[in-house]
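Residue numbers (the working numbering), protein chains in the order written: chain D, 1 to 452; chain R, 1 to 558. Quick notes on the structure that follows.
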Amino acid sequence: MSPRPTRRGFVAGCSAAIAGLAGSRFPRFAFADPETTVNNEILVVIFLRGGLDGLNLVVPISGNDRGYYESARPNIAVPLSGSNGALSLDGQFGLHRAAQPLHQLYQSGKVAVVNATGLNEASRSHFDSMEFIERGTPGNKTTATGWLARHFSCAHNLPPEIVMPSVSVGSTQATSLLGDRDTINLSDPDSFNLQIGPWEWRSAQRIALRHMYTDDTTWLHAAGLQALDAVDLVELNISGAYTPANGAVYPSGSFGDGLQVIAQMVKLDLGLRVSTFDLGGWDTHVSQGDGGGGYFSSLIGTLCEGLAALYTDLDGAGSANYTNRLTVVVQSEFGRRLFENADRGADHGHGNPMIIMSGNAVPGVHGAWPGIGPGQLFDDADLAVTTDFRRVLSEILIRRMGNNHLGYVFPGYTDYQPLGVVAGVDLPPDYSTTGDGIFADDFESGDTSAWG
Amino acid sequence: MNPVDNDRTTSRRELFDHARDHAAAAARHHIQGRAAAMRRPGRPSGGAKAVPAPPSAAIIALNRLGWGPRAGDIASFNALGGTDQQRLTAWVDQQLSPASINDSVCDAKIAAAGYTTLNKSLAQLWLDHVVSNPPWNIRIQPYYEVERATLLRAVWSKRQLLEVLADFWHNHFNIYAIDSWISPVWSHWDRVVIRGNALGNFRTMLGAVASHPAMLYYLDNYTSSSAGPNENWARELFELHGLGTDHYLGVLRQNQVPIGPGGKPIGYVDDDVFESTRCFTGWTFDFDTGLFEYRSDWHDHFQKFVLGTYIPANQPALSDGNVVLDQIATHPGTAHHIATKLARRLVGDNPDPAMIDAAAAVFETEVAAPDQLAQVVRTIVLHPSFLATWGDKIKRPLEIVASAMRAADGRFTFALDDSDTSDLLWRYDQAGQPLFAWRAPNGFPDHKADWQSATPRVMSWRLVNWLIDVRDAFDVYLLNVLDQTPGGVRTANQLADFWIDRIFGRPIPAAEREEVVEFMAQGHNPNFVLPLDTDPDTRDRLRSMVGLIFMSPSFLWR
Numbered sequence: 001m002s003p004r005p006t007r008r009g010f011v012a013g014c015s016a017a018i019a020g021l022a023g024s025r026f027p028r029f030a031f032a033d034p035e036t037t038v039n040n041e042i043l044v045v046i047f048l049r050g051g052l053d054g055l056n057l058v059v060p061i062s063g064n065d066r067g068y069y070e071s072a073r074p075n076i077a078v079p080l081s082g083s084n085g086a087l088s089l090d091g092q093f094g095l096h097r098a099a100q101p102l103h104q105l106y107q108s109g110k111v112a113v114v115n116a117t118g119l120n121e122a123s124r125s126h127f128d129s130m131e132f133i134e135r136g137t138p139g140n141k142t143t144a145t146g147w148l149a150r151h152f153s154c155a156h157n158l159p160p161e162i163v164m165p166s167v168s169v170g171s172t173q174a175t176s177l178l179g180d181r182d183t184i185n186l187s188d189p190d191s192f193n194l195q196i197g198p199w200e201w202r203s204a205q206r207i208a209l210r211h212m213y214t215d216d217t218t219w220l221h222a223a224g225l226q227a228l229d230a231v232d233l234v235e236l237n238i239s240g241a242y243t244p245a246n247g248a249v250y251p252s253g254s255f256g257d258g259l260q261v262i263a264q265m266v267k268l269d270l271g272l273r274v275s276t277f278d279l280g281g282w283d284t285h286v287s288q289g290d291g292g293g294g295y296f297s298s299l300i301g302t303l304c305e306g307l308a309a310l311y312t313d314l315d316g317a318g319s320a321n322y323t324n325r326l327t328v329v330v331q332s333e334f335g336r337r338l339f340e341n342a343d344r345g346a347d348h349g350h351g352n353p354m355i356i357m358s359g360n361a362v363p364g365v366h367g368a369w370p371g372i373g374p375g376q377l378f379d380d381a382d383l384a385v386t387t388d389f390r391r392v393l394s395e396i397l398i399r400r401m402g403n404n405h406l407g408y409v410f411p412g413y414t415d416y417q418p419l420g421v422v423a424g425v426d427l428p429p430d431y432s433t434t435g436d437g438i439f440a441d442d443f444e445s446g447d448t449s450a451w452g
Numbered sequence: 001m002n003p004v005d006n007d008r009t010t011s012r013r014e015l016f017d018h019a020r021d022h023a024a025a026a027a028r029h030h031i032q033g034r035a036a037a038m039r040r041p042g043r044p045s046g047g048a049k050a051v052p053a054p055p056s057a058a059i060i061a062l063n064r065l066g067w068g069p070r071a072g073d074i075a076s077f078n079a080l081g082g083t084d085q086q087r088l089t090a091w092v093d094q095q096l097s098p099a100s101i102n103d104s105v106c107d108a109k110i111a112a113a114g115y116t117t118l119n120k121s122l123a124q125l126w127l128d129h130v131v132s133n134p135p136w137n138i139r140i141q142p143y144y145e146v147e148r149a150t151l152l153r154a155v156w157s158k159r160q161l162l163e164v165l166a167d168f169w170h171n172h173f174n175i176y177a178i179d180s181w182i183s184p185v186w187s188h189w190d191r192v193v194i195r196g197n198a199l200g201n202f203r204t205m206l207g208a209v210a211s212h213p214a215m216l217y218y219l220d221n222y223t224s225s226s227a228g229p230n231e232n233w234a235r236e237l238f239e240l241h242g243l244g245t246d247h248y249l250g251v252l253r254q255n256q257v258p259i260g261p262g263g264k265p266i267g268y269v270d271d272d273v274f275e276s277t278r279c280f281t282g283w284t285f286d287f288d289t290g291l292f293e294y295r296s297d298w299h300d301h302f303q304k305f306v307l308g309t310y311i312p313a314n315q316p317a318l319s320d321g322n323v324v325l326d327q328i329a330t331h332p333g334t335a336h337h338i339a340t341k342l343a344r345r346l347v348g349d350n351p352d353p354a355m356i357d358a359a360a361a362v363f364e365t366e367v368a369a370p371d372q373l374a375q376v377v378r379t380i381v382l383h384p385s386f387l388a389t390w391g392d393k394i395k396r397p398l399e400i401v402a403s404a405m406r407a408a409d410g411r412f413t414f415a416l417d418d419s420d421t422s423d424l425l426w427r428y429d430q431a432g433q434p435l436f437a438w439r440a441p442n443g444f445p446d447h448k449a450d451w452q453s454a455t456p457r458v459m460s461w462r463l464v465n466w467l468i469d470v471r472d473a474f475d476v477y478l479l480n481v482l483d484q485t486p487g488g489v490r491t492a493n494q495l496a497d498f499w500i501d502r503i504f505g506r507p508i509p510a511a512e513r514e515e516v517v518e519f520m521a522q523g524h525n526p527n528f529v530l531p532l533d534t535d536p537d538t539r540d541r542l543r544s545m546v547g548l549i550f551m552s553p554s555f556l557w558r
């Protein structure tokens with residue numbers, strides 16, 4: 001293993017207190033040694049739960065595939081013209097009409113589409129597929145940590161102290177961050193406080209509570225302290241209603257609300273590097289909407305209005321610009337069958353697009369397209385997978401986050417090649433799967449019982 | 001429900017509150033300095049020591065097979081025999097015969113709550129809550145009532161194990177209930193399908209599940225026909241309800257699946273899902289009556305092949321689907337899957353493989369017994385590793401709220417029109433386990449890893465601190481801590497020990513107890529008599545102390 005600074009060595013190199021206080025304001029030197037220069041990139045992972053019908057989001061609009069698509073989907077196909085007509089990306093593929101806000105961003109060069117991504121595992125199970133992807137270990141759903149948690153524990157270019165490194169929005173911490181002790185998990189900052197109970201004893205009770213969770217060293221005590229640190233931080237830093245900037249308008253409902261929480265957390269300038277959030281409702285077995293309309297259309301509208309609002313909100317000038325270090329990844333556990341079912345929905349399928357929205361996106365439609373004609377489908381039914389989802393995430397890890405420890409983040413993944421979906425510096429991938437002394441705990445030897 | 005996060009007690013004292021609270025917050029930050037960075041060297045990873053040692057059988061059983069001890073429960077349990085194993089055996093045998101347990105207190109509470117839909121037939125529910133096209137709150141009233149009755153029973157029923165198992169099976173056959181076609185029949189699903197079979201026979205239960213309008217609607221089989229098969233139900237039947245993904249071999253062809261002992265394929269493949277989909281075509285329900293209906297004209301009558309079994313063409317009505325249910329109920333994979341899930345729920349996240357094997361063996365040998373599932377549960381509970389396991393689970397929000405109310409005798413009415421109950425449910429939902437409202441068909445997660453992050457922690461802490469502070473319309477505390485504290489118990493040491501014993505029935509770690517005592521003593525000698533009877537602030541402090549105990553690590557282990 002090549003010599004690298006140990007964590008201790010790195011800490012000695014810059015005052016921990018200064019690095020921590022500076023958070024994201026730490027000076028950035030683009031294209032300096034990306035492995036050791038402090039990295040300030042922000043990665044937002046949006047998981048679409050239930051199996052996105054990717055063939056109706058990124059639609060074949062020309063050639064033989066258009067014919068196969070239309071004959072497989074006589075009712076639910078997205079049309080080429082009319083008020084629901086697809087919006088061309090490159091002449092071969094187009095976006096669903098309701099994705100118009102995303103299409104606008106694509107046209108301004110902020111969106112990369114990767115076709116036919118997914119798992120090489122042949123699973124049509126929602127739950128296994130999600131576990132495989134979020135733990136980052138296809139075929140193994142019992143890995144004790146999530147891939148983003150492992151990113152944090154092996155990245156050499158993050159300060160040892162970050163006030164708010166990661167925020168997982170929702171009722172529980174995302175599986176991709178499973179095992180990460182530094183994550184703040186919340187759904188609504190306004191109610192995320194301990195200002196409740198007999199008022200004159202709240203402060204004393206809180207001190208006693210912290211002591212209780214400091215008194216021992218079990219995983220439960222550590223988890224309690226994590227929650228107490230999180231609530232202290234949020235109470236200290238969040239006050240009043242959040243107002244989006246730059247005229248951004250988020251869709252009403254929980255998706256828009258959650259994205260606003262992410263934007264709010266980014267703008268605190270407390271060092272946020274990673275955030276996760278979900279949008280559910282994609283398991284469209286029945287009545288997903290004919291002719292580019294209906295339920296699926298409104299869900300795509302919510303998704304894309306939300307993504308565009310987030311981008312706009314973070315796309316200010318000068319110190320209010322965050323999009324130059326923002327990468328948003330949108331993914332789902334699998335795509336849906338090419339052939340619509342008789343209920344005008346589509347059943348569980350296989351390959352699916354991933355969407356990258358970033359100030360550093362390489363715009364375009366990427367990834368080998370396997371075709372949807374006879375003999376080209378997976379199991380004679382589904383879009384095939386030509387791009388391992390880990391390839392896309394690895395490129396973001398290396399080119400944006402400056403972390404080349406692919407063997408640690410994605411153990412078993414050994415044939416990375418950049419696709420060119422984001423700009424950045426390439427590093428030789430390190431496929432070693434064990435820690436080298438700086439890691440807090442190695443995922444394969446850690447106390448897995450603590451994480452079930 | 002209350003959309004505003006506004007603590008009632010605080011608002012009553014609004015004038016004083018602001019300044020005092022501000023001072024308290026300032027003091028807190030003065031003491032703690034600035035809030036600590038989440039990522040920092042030396043942050044505890046929690047890997048050093050796994051869990052506390054197992055307590056007595058009474059504590060384990062009442063916390064893992066029930067919703068926590070009420071006052072007196074531990075003594076009653078301990079009176080059942082001379083050894084822990086004898087007591088546990090006697091207790092579980094009682095619990096597995098719920099009809100033999102007098103539950104008049106709970107029955108009276110249910111009667112007082114004034115529910116009207118819990119015992120309606122399916123036809124009546126459909127008539128009253130669908131056909132009559134009532135306003136939304138009447139349409140979904142059965143769901144509202146089951147939601148409240150579930151909490152009421154967890155808190156008051158003596159048939160604790162039945163309540164735990166009802167929750168288990170609700171999640172095993174999960175349905176998102178807040179739906180205009182599902183809520184109206186929810187009390188029937190709860191009473192007949194779930195409770196009626198929770199201690200019964202798995203195959204019988206599968207049949208009830210497969211033919212119930214709530215499941216037919218939720219997993220789309222109501223629309224599945226030979227012209228338009230829909231595989232949603234068939235897939236989850238294999239993956240979630242039956243064999244589980246440990247026995248899923250993906251897109252292999254059926255003739256590529258190895259045959260296991262007993263002559264059955266060792267697992268299922270997608271083609272089994274598709275073939276089963278065909279078997280269930282025509283299983284639907286009548287939207288005019290809500291009743292199950294088999295439509296022969298929708299059924300695919302050609303021959304099929306499922307899990308190694310050939311099904312000839314043109315079988316009698318319902319036969320194809322029933323063959324699938326038979327195959328699933330008798331497959332060793334299902335026995336193993338159900339045994340694993342029950343053990344994970346009742347014992348720990350990583351159950352002893354020998355316990356799972358023993359329970360799976362009983363599942364298989366008793367596959368036709370009317371009390372098959374009770375026997376499986378009994379096997380798990382009486383396995384030696386049951387009492388040897390502790391702390392491989394933590395309480396989820398439902399267990400937190402129910403056990404806090406049981407320990408401190410919460411007096412919510414759980415009536416539909418009770419605003420305190422509505423407040424409670426609104427706060428409870430924020431902790432992340434809203435009843436019957438998990439959207440995906442896999443049910444709420446049961447692994448502790450899914451419940452240890454900050455949202456469930458902080459929102460549960462808020463919930464218990466609200467519980468000890470909420471008063472009814474007559475200004476009486478719903479958890480009346482003061483009234484339950486005996487007159488002779490007045491020093492910080494006595495108050496801490498009385499409530500620790502009441503809530504846990506056992507000692508807690510000395511360091512944790514010390515925090516409770518110090519909180520109550522506030523710098524004074526913990527043996528001084530506190531002016532509990534004259535000073536409102538001291539009474540508030542006692543309620544806060546009970547809240548603190550509910551927030552403690554010890555309260556979460558099970």
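All C-beta atoms, glycine included, are put in the ideal place defined by N, C-alpha and C. Being a predicted model, the structure only gives us computed values, none of them experimental.
C-alpha distance - residue i paired with residue j, whole-angstrom precision
i	j	result
R:Gly333	D:Arg273	43 Å
R:Gln254	R:Asp272	7 Å
R:Ala113	D:Ala77	52 Å
R:Leu118	R:Ala214	16 Å
R:Phe386	R:Ile380	7 Å
R:Arg139	R:Asp288	15 Å
R:Ala90	R:Gly81	7 Å
D:Pro429	D:Asn404	5 Å
D:Pro101	R:His170	41 Å
D:Thr142	R:Tyr115	44 Å
R:Gly200	R:Asp371	4 Å
D:Leu87	D:Ala381	26 Å
Contacts around residue i, its chain only, beta-carbon distance under 8 Å, and the 5 residues preceding and following it disregarded
i	result
D:Asn193	Val231, Val234, Glu235
D:Pro165	Phe152, Leu158, Asp182, Thr183, Gly271, Leu272, Arg273, Val274
CB contact flag (residue i, residue j, <8 Å)
i	j	result
R:Leu127	R:Ser187	no
D:Thr387	D:Ala116	yes
D:Val362	D:Val286	no
R:Phe168	R:Arg345	yes
D:Gly306	D:Tyr250	yes
Buried/exposed call for residue i, threshold 16 Cβ in 10 Å
i	result
R:Trp136	exposed
R:Leu463	buried
R:Tyr268	buried
D:Trp369	buried
R:Asp475	exposed
6 Å Cβ shell around residue i - same chain, five flanking residues per side excluded
i	result
D:Ser394	Leu406, Tyr416
R:Val376	Ala359, Val362, Phe363
D:Phe29	Residue placement at D:Phe29 is poorly supported in this model, since its pLDDT is 41, which falls under 50; the coordinates still yield a value, given next. Answer for D:Phe29: Thr37, listed in chain order.
Beta-carbon neighbours of residue i, restricted to chain C and to distances below 8 Å
i	result
R:Tyr143	In summary, chain C is missing from the structure at hand, where the protein chains are D and R.
In chain order, what are the residue ranges of uninterrupted beta strand (DSSP E) at least 3 long that sit wholly in the segment 411 to 494 of chain R?
none
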